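At position 101 of the sequence shown (counting the first as 1) the number is 700 in the numbering used here, and the numbers step up by one without a gap.
Only one structure is covered here, and it is reproduced in the block below.
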Amino acid sequence: MKKELRQKLKPYVHLTQYYETDQMKIIHHSNYIRWFEEARVDFLDQIGANYAKMEELGITSPVLSVEAQYKAMVRFGDSVYILPSIEAYNGVKLTLSYRVLDAVTGELRTTGKSQHCFLNEEGRPLSLKRTHPDIHRCFKAYHEHIFEI
Numbered sequence: 600m601k602k603e604l605r606q607k608l609k610p611y612v613h614l615t616q617y618y619e620t621d622q623m624k625i626i627h628h629s630n631y632i633r634w635f636e637e638a639r640v641d642f643l644d645q646i647g648a649n650y651a652k653m654e655e656l657g658i659t660s661p662v663l664s665v666e667a668q669y670k671a672m673v674r675f676g677d678s679v680y681i682l683p684s685i686e687a688y689n690g691v692k693l694t695l696s697y698r699v700l701d702a703v704t705g706e707l708r709t710t711g712k713s714q715h716c717f718l719n720e721e722g723r724p725l726s727l728k729r730t731h732p733d734i735h736r737c738f739k740a741y742h743e744h745i746f747e748i
């Protein structure tokens, strides 16, 4: 799929909630991992690789690793953009990177990364390129996509 044929993707927006804060009145570090997952599910849906549809096809995608680097605090009531991008993809493994930006100022608040693999119903690795070329094309088309805000 040619780059110019890709649809424009919408950034994932999260309005922080009071329950996400800690005793210091900032967002607790564990919530960023949840936000990454929310943004990942939204991103994959937008590119045509919907999680629910993949699971119906017998494809699971467990997390192999996840990390976050905290650059600046996010507080209750802040809105943030969580911008995922496909950093690496080979048909069997997928690595996504994330940028969390303040929705008002554009300030970078957090960066992160998650790595996933694709498994069949028996829990064995599978190659989307071989078994599901339509889904494979979705990942290839948006490899290294950069969000425009």
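Ideal Cβ positions, reconstructed from N, Cα and C, are used throughout, including at glycine.
Quick caveat, the model's predicted, so the values are computed rather than measured.
Checking 8 Å against the spacing of the C-beta atoms, do methionine 653 and isoleucine 734 come in under that value? yes
If you measure between the beta carbons of isoleucine 748 and tyrosine 680, is that distance less than 8 Å? Yes, the pair counts as a contact, with Cβ atoms nearer than the cut-off.
Which residues share a DSSP beta bridge with tyrosine 688? Leu693
If we call anything under 8 Å between Cβ atoms a contact, is tyrosine 697 one with lysine 712? In contact: tyrosine 697 and lysine 712 (Cβ atoms closer than 8 Å).
Find out if the Cβ-Cβ distance for the pair leucine 695, proline 683 is shorter than 8 Å. Yes, these two residues count as a Cβ contact at 8 Å.
Am I right that histidine 731 and isoleucine 685 are in contact with their C-beta atoms under 8 Å? What's the rounded C-beta distance? So it is not a contact: roughly 16 Å between Cβ atoms.
Cutoff 8 Å; reference glycine 676; Cβ partners in own chain excluding five residues on either side: Leu614 and Thr615
Closest by CA to glycine 678, which one among Ser629, Thr704, Pro661 and Gly690? Strictly speaking, residue 678 in this sequence is serine, with glycine absent from that position. Checking every option, the nearest Cα to that of serine 678 belongs to Thr704.
Cα-Cα separation, tyrosine 741 to leucine 707: 22 Å
Measure the CB-CB distance between glutamate 619 and histidine 628 and report whether it falls below 8 Å. At a Cβ-Cβ threshold of 8 Å, glutamate 619 and histidine 628 do not count as neighbours.
Status (buried if at least 16 other CB within 10 Å, exposed otherwise) for alanine 651: exposed
Output the boundary residues of the alpha helix (DSSP H) element that contains valine 640. 629-646
State the beta-bridge partners of isoleucine 748 as determined by DSSP. Beta-bridge pairing links isoleucine 748 to no other residue.
State the Cα-Cα distance for the pair cysteine 806 and tyrosine 631, rounded to the nearest angstrom. The first residue shown for the chain is 600 and the last is 748, placing residue 806 beyond what the model contains.
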